[in-house]
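Protein chains in written order, with the working numbering: chain A, 1097 to 1366; chain B, 1097 to 1366; chain C, 1097 to 1366; chain D, 1097 to 1366.
Backbone N, C-alpha and C define an ideal beta-carbon position, used for all residues, glycine too.
Protein chains: 4
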Amino acid sequence: MMASNQVFNITERKTSVGDLVELVGMTHKNHIFILENEQILHTHRGIIYHNDLIDVKWGSQIFSHNGSPFFILQPSLENILKNLPRSTQILYPKDIGYILMKMGIGPGTRVIEAGTGSGAFTTALAYFIGCNGEIYSYEMRTQMQANARKNLSRFNLLGRVLLKTKDIADGFDETDVDAIFLDLPNPFDYIEKVRESLKKGGHFGCILPSANQVCKLLAVLKTHDFAFIDVVEILLRHYKDDSERFRPVDRMVAHTGFLIFARPVIINHE
Amino acid sequence: MMASNQVFNITERKTSVGDLVELVGMTHKNHIFILENEQILHTHRGIIYHNDLIDVKWGSQIFSHNGSPFFILQPSLENILKNLPRSTQILYPKDIGYILMKMGIGPGTRVIEAGTGSGAFTTALAYFIGCNGEIYSYEMRTQMQANARKNLSRFNLLGRVLLKTKDIADGFDETDVDAIFLDLPNPFDYIEKVRESLKKGGHFGCILPSANQVCKLLAVLKTHDFAFIDVVEILLRHYKDDSERFRPVDRMVAHTGFLIFARPVIINHE
Amino acid sequence: MMASNQVFNITERKTSVGDLVELVGMTHKNHIFILENEQILHTHRGIIYHNDLIDVKWGSQIFSHNGSPFFILQPSLENILKNLPRSTQILYPKDIGYILMKMGIGPGTRVIEAGTGSGAFTTALAYFIGCNGEIYSYEMRTQMQANARKNLSRFNLLGRVLLKTKDIADGFDETDVDAIFLDLPNPFDYIEKVRESLKKGGHFGCILPSANQVCKLLAVLKTHDFAFIDVVEILLRHYKDDSERFRPVDRMVAHTGFLIFARPVIINHE
Amino acid sequence: MMASNQVFNITERKTSVGDLVELVGMTHKNHIFILENEQILHTHRGIIYHNDLIDVKWGSQIFSHNGSPFFILQPSLENILKNLPRSTQILYPKDIGYILMKMGIGPGTRVIEAGTGSGAFTTALAYFIGCNGEIYSYEMRTQMQANARKNLSRFNLLGRVLLKTKDIADGFDETDVDAIFLDLPNPFDYIEKVRESLKKGGHFGCILPSANQVCKLLAVLKTHDFAFIDVVEILLRHYKDDSERFRPVDRMVAHTGFLIFARPVIINHE
């Protein structure tokens, strides 16, 4: 069974009832679910009985009723995020990884996030802040929030997150948090509220799809004593894993969003 | 003073003796050091007395003896890595962030790394695994290791890392670790050893500058029952933060290395 | 009617029978064809009578029988290439443009090309060398050659091209040409033949999809007295033309091929 | 001697007095000049006597007085542009090549360009339109124009270009040209003038460094009956030519400008 401080990562060599597992077929199509007695999984490549997956070695190859091969794995964070039931665009791993590094979001960090959306970034944040950190995640749409709650609960991460239904135009409840990340179309409208709740020298970040939004945000940040402004974009290029014909794959994601980072400072304006 | 479980992140609003601080001047040139009574910092823009930096609010603007402005900040992880005293090429934040995400390296993870080098990636790993994880870092060059030890100690992270002087051609001492990352020119020579120490379904990763090295590694991974092989490269593009003339900066880093990821699985070869 | 020295570009303000025209609908789906009396064009958005397209101003909006709007244009070179009937992968405009610049292929140039393939690059070459240049295009597959001949003829460019059916392993018939471009999987097998037919200091170029092929070619070029070797790749990123939400489009072509350029020189090897 | 219809490309196998030559040293540093009797070239790697360069085979290796090796080549268009004496930022070959393809600028084309600047793009245009095309190049700064005239004259291309000193706010003198390219910071101010002089269905293009300028231009193009608007950027990545360690070079040009293309059409606005 899943130990509380290890969320969905399991240190046992063999699977048990209650484990979160990932089953990956030939075309890398994957299924992430919790192992239960007597349950059945229906895939495009045949039926799989949960009981056949219990007490087997992680990393093993198993077969569906019609002989299609699968691997049984402890789910990777990347695949968990990609497979999240969702109704909104989610942040990509390439962007999340850089955000963590840039904003120093790790074990013990206290972070405000808005909006929660499908909870993909919330899940990543909760994973990385560990059991000593805390996430305050704001979302006005209660249906979205309910969905995010379900996702977090499934990955044993809900204990690290406070899900809040509140209009951030009225401000955040917390103060002196280490970092605030806004995944909203109009972050420029909340910069004063960010300044009130983010500790001085803390990390503000957001993602915006269009250049017009970035320009609007930059203008506001500069009039609100934010320094160390950094605007970047991250391009991820996949290669074919063919040692005889090594080359990039034919197509790629060309744009997810511009990432903007800044830190509030104290300036004496006379 | 720095609390042990928070390493260099400080929750206090004001600076104290013993804090790791970052002083950033106008051109973003930064200085990272530990606050000590009666010490003096010499910068290109004038002299700064440590005593003037003690018991001030984080994020404040302070001035050198000749009036040059600086901000005093809790150092960001990114800047800590960039400013590490080093004698080797280090991993870039853009690559580290993606590696963490892809390999799921977070609180509680047990990770083998080789070689230690200047300890930049070791520092990042130690930061993200938190107080419950563990890093086993191998390095043959004792002088490099001594330098890495000093760096880790300075950031209060040495307690999370076991620095080892051992030829990994003889294998790693640990077994069933969650992840192994090799930052070496010839990872293909150690794949059997990786398989012995990495738990099944765990995460293997490495970075290699040339296509030739990648091709050699791909061939070896496939004959050693590694699956889910992924080869990527990450491009980071910075933009000018000018809201009236928003555009990418003129030049960028075009290549740091190819990142290769794979997971060992159990296949029945009859 | 089309004037011989202007190929498919027409200087008249109005369309005439015999003109090569491009009809572009709302979703940028285009049709390139020759205007003929009494002909009918069937599109996904209705029927269009050629007679309605004769003697109208270039650039006009016309409508199909069911009211769908189209623009009638002199076809652009880019669209001609994109719409070429073809059975092979063709060179992209982004690559062709750079090849022309790099190899100085313009009016009056004599160029060898192999293989002809669908004739897309041949068409571009023939367009740019003008009426004083000459293209020698080699292709072993007679069916491909017949198709290329038809394409070139349609664009009034056949007079500038000598289509040859000959195995280039036996060498090229021409000598002292200005440039040779190979669009073949194994250019490294023909480098001696290239040296025999390319003038000293002339321009050799080729496109190769994989890094392995490039490495093989580089090794051969260096042992055959080629200098000024240049390997590049070109990435083209499209943006949405929305002035309120300016941003890159979501996906892009990540790889067409590596372009390799080199010039044969005379070195005294004692 | 240079034949008039071949500009700086020479078909002879050996050099003659009056030829435009390119001398390239070990580090690819090049010198482009006209061969003259009794002249001397001073380089960082020694003195070279023109007389030693006359009547030698193109592509030969020659040596300076102190033994440094050079190759003597017919100058490539790319190098001619790169080495142009200039006082302004010039268009890069990567961008020029795509502009030619996209706008169909080749033999026989009539093109308006503004401003002339240092004449680099003018040189490329004049090269590609051949002896039957015509370039009308506008520039208000007479000193710049004089410099461009000198450059064009040196490459035997002046006969294809009409250099004009006129404020394009008053319109262009020509009508029904095939293409208009604006390399100016404020193309949006001249779109009506562009429409007056560009044939319907012709090609308009420009290059702009910032997103803000692009947004402004897009808005104007749409209210002036331009269709087929395309905004792109081109990234060129160089690779090391090492067959044993094939990899991209470390740094690259990240941005030269956004390229915007559009075609004027006739729309019935009731």
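CB contact flag (residue i, residue j, <9 Å)
i	j	result
Leu1332 (chain D)	Glu1174 (chain C)	no
Asn1126 (chain C)	Val1113 (chain C)	no
Asp1266 (chain D)	Ala1350 (chain B)	no
Gly1301 (chain C)	Phe1357 (chain C)	yes
Gln1170 (chain D)	Asp1115 (chain D)	yes
Phe1284 (chain B)	Tyr1232 (chain B)	no
Ser1306 (chain D)	Phe1277 (chain B)	no
Val1120 (chain C)	Phe1167 (chain C)	yes
Gly1142 (chain D)	Gly1226 (chain C)	no
Arg1206 (chain A)	Gly1297 (chain A)	no
Leu1294 (chain A)	Ile1208 (chain A)	yes
Tyr1194 (chain D)	Pro1189 (chain C)	yes
Ser1183 (chain C)	Asn1243 (chain C)	yes
Asp1337 (chain A)	Asp1279 (chain B)	no
Gly1211 (chain B)	Glu1235 (chain B)	yes
Asn1282 (chain A)	Gln1239 (chain A)	no
Phe1159 (chain D)	Leu1187 (chain D)	no
Met1348 (chain C)	Ala1220 (chain D)	no
Gly1202 (chain C)	Gly1255 (chain D)	no
Leu1137 (chain B)	Ile1130 (chain B)	no
Lys1318 (chain A)	Ser1339 (chain B)	yes
Cβ neighbours of residue i in the same chain (closer than 8 Å, five flanking residues each side left out)
i	result
Ser1200 (chain A)	As written in the sequence, residue 1200 (chain A) is Gly, which differs from the Ser given in the question. Same-chain partners within the cutoff: Asp1274, Ala1275, His1299.
Lys1110 (chain C)	Asp1151, Val1152, Lys1153, Trp1154
Ser1214 (chain B)	Leu1180, Pro1181, Arg1182, Ser1183, Thr1184, Ile1186, Met1240, Asn1243, Ala1244, Asn1247
6 Å CB neighbourhood of residue i in its chain, flanking five on each side removed
i	result
Ile1287 (chain C)	Val1316, His1320
Lys1122 (chain C)	It is worth fixing the name first, because residue 1122 (chain C) is Met in this sequence and not Lys. Cβ neighbours of Met1122 (chain C) beyond the five flanking positions: none.
Leu1258 (chain C)	Tyr1232
His1146 (chain C)	Leu1131, Glu1132, Gln1135
Asn1162 (chain B)	Gly1142
Ile1362 (chain C)	Lys1296
Phe1049 (chain A)	Because chain A in this structure spans residues 1097 to 1366, residue 1049 (chain A) falls outside the shown range and cannot be described.
Spatial neighbours of residue i in its chain, beta-carbon cut-off 7 Å, leaving aside the 5 residues before and after
i	result
Met1097 (chain A)	Confidence at Met1097 (chain A) is low in this model, with a pLDDT of 34, below 50, so the placement of that residue is unreliable and no value is reported for it.
Tyr1223 (chain C)	Val1103, Leu1173, Leu1253
Lys1289 (chain A)	Ile1264, Gly1267, Phe1268
Thr1261 (chain C)	Glu1235, Met1236, Thr1238, Gln1241
Contacts of residue i in chain D (Cβ-Cβ under 8 Å)
i	result
Met1122 (chain C)	Here the premise fails: no neighbours, minimum Cβ distance about 10 Å.
Contacts of residue i in chain A (Cβ-Cβ under 7 Å)
i	result
Lys1153 (chain B)	Lys1296, Ile1362
Leu1248 (chain B)	Within 7 Å Cβ-Cβ: nothing; Leu1248 (chain B) doesn't reach chain A, min ~15 Å.
Under 7 Å from the C-beta of residue i: neighbouring residues of chain C
i	result
Ala1323 (chain D)	Phe1167
Heavy atom of the ligand MN within 8 Å of residue i beta-carbon
i	result
Ala1242 (chain B)	Among the ligands in the structure shown, none appear at all, so the ligand MN cannot be discussed.
Beta-carbon neighbours of residue i, restricted to chain D and to distances below 7 Å
i	result
Leu1196 (chain C)	Gly1193, Leu1196
Proximal residues of chain C, C-beta to C-beta of residue i below 8 Å
i	result
Val1109 (chain D)	Note that residue 1109 (chain D) is Arg in the sequence shown, not Val. Here the neighbours are Asp1272, Lys1295, Lys1296.
Val1290 (chain D)	By Cβ distance, chain C contributes nothing, its closest Cβ being about 14 Å from Val1290 (chain D), past 8 Å.
Partners in chain C for residue i, counting only beta-carbon separations shorter than 9 Å
i	result
Arg1359 (chain D)	Gly1155, Phe1167, Leu1169, Ser1172
task = Using a Cβ-Cβ cut-off of less than 9 Å, give me the residues of the stretch 1260–1279 of chain D that come near chain C, in sequence order.
result = Hits within the stretch, in order: Asp1272, Asp1274.
task = Quick one: which residues of the stretch 1295–1318 of chain D get their C-beta closer than 7 Å to a C-beta of chain A? List them in chain order.
result = Listed by position along the chain: Ala1307, Asn1308, Cys1311.
inquiry  = Taking beta-carbon pairs under 7 Å, can you tell me which members of the stretch 1329–1357 of chain C lie near chain A?
reply    = Cβ contacts with chain A: Arg1333, Glu1340, Arg1341, Phe1342, Arg1343, Pro1344, Val1345, Asp1346, Arg1347, Met1348, Val1349, Ala1350, His1351.
Complete beta strand (DSSP E) runs within the stretch 1190–1249 of chain D (minimum length 3 residues, chain order) = If we require 3 residues or more, the beta strand (DSSP E) runs fully inside the stretch 1190–1249 of chain D come out as 1206–1210, 1230–1234.
message = Which complete alpha helix (DSSP H) runs does the stretch 1267–1331 of chain C hold, if anything under 4 residues is left out?
response = Residue ranges of uninterrupted alpha helix (DSSP H) with 4 or more members, entirely inside the stretch 1267–1331 of chain C and ordered along the chain, are 1287–1293, 1307–1318.
ask   = Taking only runs of the alpha helix (DSSP H) that begin and end inside the stretch 1152–1178 of chain D, which ones reach a length of at least 4 residues, in chain order?
value = Whole alpha helix (DSSP H) segments, 4+ residues: 1173–1178.
query = When Cβ atoms are compared, which residues of the stretch 1165–1194 of chain A fall closer than 7 Å to chain B?
reply = For the stretch 1165–1194 of chain A, which is checked against every Cβ of chain B, the residues closer than 7 Å are Phe1167, Leu1169, Gln1170, Ser1172, Leu1173, Glu1174, Pro1189, Lys1190, Ile1192, Gly1193, Tyr1194.
request  = Could you list the residues in the stretch 1205–1236 of chain C with a C-beta less than 8 Å from some C-beta on chain D, going in chain order?
outcome  = Cβ contacts with chain D: Thr1205, Ala1220, Tyr1223, Phe1224, Ile1225, Gly1226, Cys1227, Asn1228.
inquiry  = Quick check for students: name the residue ranges of the beta strand (DSSP E) that lie wholly in the stretch 1097–1136 of chain D, counting only runs of 3 or more.
reply    = Taking 3 residues as the shortest admissible run, the stretch 1097–1136 of chain D contains the following complete beta strand (DSSP E) segments, listed from N- to C-terminal end: 1116–1120, 1126–1130.
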